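Numbering (the working numbering), first residue to last: 319 to 399. This report refers to the structure that appears directly beneath it.
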């Protein structure tokens, strides 16, 4: 007896169930990756655009690291005042 499923019933349901299971696992993995990448986006940890850090402190740090010259630093300070 095939209980109304035909010859494909049991195996077909196992295949569909397996594919649905794989899709759910893939979706969960993608959501985790998306969430983790969002944590290290510039601006989310006090760095880069969107941060609440003082612009003068940023300019001072960039000058200290050698990223900008003294003339650029002075121009930034004057522009911000």
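Ideal Cβ placement from N, Cα and C applies to all residues, glycine included. Fair warning: this is a prediction, and the values are worked out from it, not measured in the lab.
The alpha helix (DSSP H) enclosing residue i, as first and last residue numbers
i, result
"residue 390", "388-398"
Contact test: residue i Cβ vs the ligand SAH heavy atom, cutoff 7 Å
i, result
"residue 397", "This structure does not include the ligand SAH; it has no bound ligands of any sort."
8 Å contact criterion, which residue i and residue j should meet: CB distance rounded
i, j, result
"residue 398", "residue 373", "6 Å"
Beta-carbon spacing of residue i, residue j below 8 Å
i, j, result
"residue 394", "residue 377", "yes"
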